[in-house]
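Everything below concerns the one structure shown next.
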Amino acid sequence: MITLGPRVLKTGLAVVLALYITKWLGLEPPVFAAIAATFTIQPSIYRSWKQVMEQFQANTLGAIIAVSSIYLFGNSPIVIGLVMVIVIIISLKLKMEGSISLTLITVLVMMSSQEFQGIVAAGNKFIIVLVGMGSAFLVNLIISPPNYNKNFSEKMDSSFRTMSLLIRTAISNELTEKTFQNQWSQLKKDVSKLEDLYKTLDEEREKISKLKPLDVREIVVFKQMLACLQQGLKLLDIIEDHFFQSRPEIEETREFDHHLEELINYHEMILLKYTGKIKDIDKADLLEESGQFLEGIMEDTIYEREHKLRLVIIGSVIFDYAFQLERLNDLIDQYQKKKQHVEKASLRTILKNPRVLLKK
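So in the numbering used here, spot 300 of the sequence shown is number 302, and the numbers just go up one at a time.
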């Protein structure tokens with residue numbers, strides 16, 4: 003089933019708005035405003051603004067080059083081709099790669115007329131492109147602004163459920179090969195999407211000065227959540243590469259399976275604690291247990307060398323996974339304490355001055 007995301011719908015709205023504005027202003031041809039709107043829609047407010055600014059600069063430069071070339075050399079196919087090459091080179095030099103496509107369209111629109119009518123005609127076509135860019139930014143700003151915190155949390159939840167199934171069955175080998183591979187492939191795609199979402203969140207944090215300190219703390223928590231998920235994915239890779247090749251005994255299989263079950267339970271409890279569904283977690287000794295588990299593998303003398311090395315590799319990744327989970331738990335504690343402090347301070351402010359609530 004195909005689902006239409008907000009960006010798809012906003013692209014359609016931006017095109018509609020651009021066409022109506024160009025029609026209202028009497029600008030022809032309006033189709034180029036629609037094309038400009040399509041190129042300008044971005045997945046975040048900051049990126050949309052950045053795209054508008056870059057495209058405005060690149061299109062202004064492209065328009066100047068186009069007008070100058072027409073006055074100096076005409077608008078023959080050879081001249082148009084050379085101008086396009088020059089615009090690409092300049093855009094690359096100025097690190098405006100993302101604006102090249104729309105800039106080339108602007109140049110082509112301005113130079114492809116049968117009869118060039120001077121600066122006024124060129125300006126008319128340039129304004130058409132600007133209308134499209136402005137329409138896209140306006141729609142992106144007003145209509146369903148992206149809620150990346152919510153999107154990240156929802157994608158993290160679904161990704162963890164997939165990883166939980168895989169880790170719980172990685173040693174016991176209960177899933178069919180086809181199901182395991184499908185779930186593993188899905189998990190990798192989800193982690194990649196989460197990495198993109200985190201980059202956007204971090205970008206917004208860095209570029210938007212109005213972000214509150216509590217929001218910054220939450221982004222740090224998100225980063226560690228992602229690190230834990232990445233470590234879990236790495237653990238699955240290592241188990242796939244080394245565990246069964248080491249030809250483990252039944253007792254070893256049970257021990258590894260039991261320890262992985264404890265870790266994934268701990269991971270689940272931490273995420274539930276973040277959402278406020280459970281109280282504090284009594285798992286303070288899990289990191290120490292993971293360290294002892296690794297030391298037990300290293301000190302055991304009954305293993306053959308290759309067998310032991312493979313198990314040590316797995317044990318090391320298990321210990322690192324436990325370490326990342328412990329760090330996530332600490333960060334969530336710090337975030338929630340800060341959040342409670344901020345909420346109490348806000349409540350005290352409202353109680354002292356009820357007008358603050360009315361203003362909100």
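In this text, a Cβ means the ideal position worked out from N, Cα and C, and glycines have one as well.
Going by CA-CA distance only, name the one from the options that's closest to residue i.
i, options, result
"residue 52", "16, 322, 143, 294", "143"
"residue 241", "111, 255, 223", "255"
"residue 136", "13, 159, 339", "13"
"residue 259", "141, 103, 295, 230", "295"
"residue 335", "37, 18, 271", "271"
"residue 308", "249, 266, 333, 332", "249"
"residue 130", "36, 196, 94", "36"
"residue 160", "196, 88, 222, 172", "196"
"residue 324", "268, 101, 157", "268"
"residue 27", "9, 132, 84, 59", "132"
"residue 264", "228, 170, 112, 23", "170"
"residue 337", "251, 225, 231, 72", "225"
"residue 113", "78, 193, 220", "78"
"residue 191", "231, 203, 221", "231"
"residue 9", "149, 82, 96, 95", "149"
"residue 277", "331, 245, 203, 229", "331"
Going straight from the alpha carbon of residue i to that of residue j, what length do you get?
i, j, result
"residue 189", "residue 262", "18 Å"
"residue 292", "residue 99", "48 Å"
"residue 145", "residue 76", "43 Å"
"residue 80", "residue 105", "18 Å"
"residue 151", "residue 253", "43 Å"
"residue 311", "residue 290", "21 Å"
"residue 199", "residue 205", "10 Å"
"residue 174", "residue 299", "19 Å"
"residue 326", "residue 154", "19 Å"
"residue 321", "residue 233", "10 Å"
"residue 57", "residue 138", "12 Å"
"residue 186", "residue 16", "37 Å"
"residue 74", "residue 67", "10 Å"
"residue 273", "residue 41", "38 Å"
"residue 434", "residue 297", "The question about residue 434 has no answer, for the chain in this structure spans 3 to 362."
"residue 275", "residue 315", "30 Å"
"residue 128", "residue 30", "11 Å"
"residue 329", "residue 313", "24 Å"
"residue 70", "residue 11", "38 Å"
"residue 287", "residue 237", "20 Å"
"residue 33", "residue 43", "16 Å"
"residue 108", "residue 218", "40 Å"
"residue 223", "residue 103", "37 Å"
"residue 21", "residue 126", "15 Å"
"residue 39", "residue 201", "24 Å"
"residue 333", "residue 141", "36 Å"
"residue 18", "residue 86", "29 Å"
"residue 95", "residue 203", "28 Å"
"residue 317", "residue 172", "14 Å"
"residue 91", "residue 59", "15 Å"
"residue 72", "residue 88", "14 Å"
Which of the three DSSP states, helix, strand or coil, is assigned to residue i?
i, result
"residue 57", "helix"
"residue 251", "coil"
"residue 151", "helix"
"residue 78", "coil"
"residue 235", "helix"
"residue 140", "helix"
"residue 174", "coil"
"residue 196", "helix"
"residue 179", "helix"
"residue 294", "helix"
"residue 29", "coil"
"residue 220", "helix"
"residue 321", "helix"
"residue 204", "helix"
"residue 278", "coil"
"residue 263", "helix"
"residue 246", "helix"
"residue 336", "helix"
"residue 306", "coil"
"residue 241", "helix"
"residue 358", "Summary for residue 358: the model assigns pLDDT 47, below 50, so the residue's position carries little reliability, and this model does not support an answer."
"residue 3", "Reliability fails at residue 3, whose pLDDT of 45 lies under 50, so the model's placement of it is uncertain and no value is given."
"residue 44", "coil"
"residue 72", "helix"
"residue 287", "coil"
Examine chain B for any beta-carbon lying closer than 8 Å to the beta-carbon of residue i, and answer yes or no.
i, result
"residue 38", "Protein chains in the displayed structure number just one, and chain B is not present."
Is it the case that the stretch 156–167 contacts the stretch 55–63, given that we only count it when at least three CB pairs across the two stretches are under 8 Å?
no
Please determine if the stretch 179–186 and the stretch 271–283 are in contact, where contact requires at least 3 C-beta pairs separated by less than 8 Å.
no
At what residue ranges does the stretch 86–119 contain a whole run of the alpha helix (DSSP H), taking only runs of 4 or more?
102–113
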